[in-house]
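Counting from 1, position 130 in the sequence shown corresponds to residue 487 in our numbering; the numbering is continuous, with no gaps. Beta carbons are placed, not taken as given, at the ideal position from N, Cα and C, and that holds for glycine.
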Amino acid sequence: MNRRSTCRALLAAALAWGLGSPARAQPRPVRVVELGRLERVGAEASFTFAGEPAYLLRVAPPERPSSRVQRLGEIFLVAFSRTCTHQGCTVPLPDQRGIMECNCHGSQFRADGTLLRGPASTDLRAIRLELRQGEVWAVGWLEG
Ligand code: FES
């Protein structure tokens with residue numbers, strides 16, 4: 358094996374292990390809010406996760422199973438990045454209608470981060486939450 362093929366083999370091995378793959382990289386966990394401050398449905402918190410503006414909302418128990426709604430203790434939460442999935446603008450917080458409308462090209466998202474209207478074609482990226490000693494933490498991306 359010569360030097361060039363050795364380099365290729367090392368690069369292939371690194372990619373196989375997911376090194377340098379942003380889809381597999383998990384950001385540093387961050388504390389979001391004390392669970393006790395989310396007393397009612399509609400309680401919210403803004404935070405930064407992985408360098409992106411993010412939003413957490415307490416929601417009612419879902420009528421159907423949802424991959425985005427997470428149960429922590431006795432309450433249900435959604436959390437997601439506010440980076441628009443169209444071209445990366447920051448989506449404003451929900452308005453009085455409960456809609457987040459991107460100022461750049463008009464994509465609309467529901468307050469749970471799901472896509473309502475394009476040009477974006479996917480939901481806002483959901484964040485996985487954990488309860489740690491009475492505090493809600495954002496710990497990773499919620500895939501799928
Ligand atoms: S960046 Fe949000 S709609 Fe284009």
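- At least one heavy atom of the ligand FES sits closer than 7 Å to the Cβ of residue 476.
- At least one heavy atom of the ligand FES lies less than 7 Å from the C-beta of residue 464.
- Remark: three or more beta-carbon pairs, one from each stretch, lie closer than 8 Å, so the segment 381-393 and the segment 477-491 are flagged as touching.
- Within the same chain, and ignoring the five residues on either side of residue 433 in sequence, the residues whose Cβ sits closer than 8 Å to its Cβ are 415, 416, 417, 418, 419, 426, 427.
- DSSP places residue 392 in the helix class (H, G or I) of the three-state scheme.
- Here residue 389 is buried. Its C-beta has 16 or more other C-beta atoms within 10 Å.
- For the pair residue 470 and residue 435, the CB atoms are nearer than the 8 Å cut-off.
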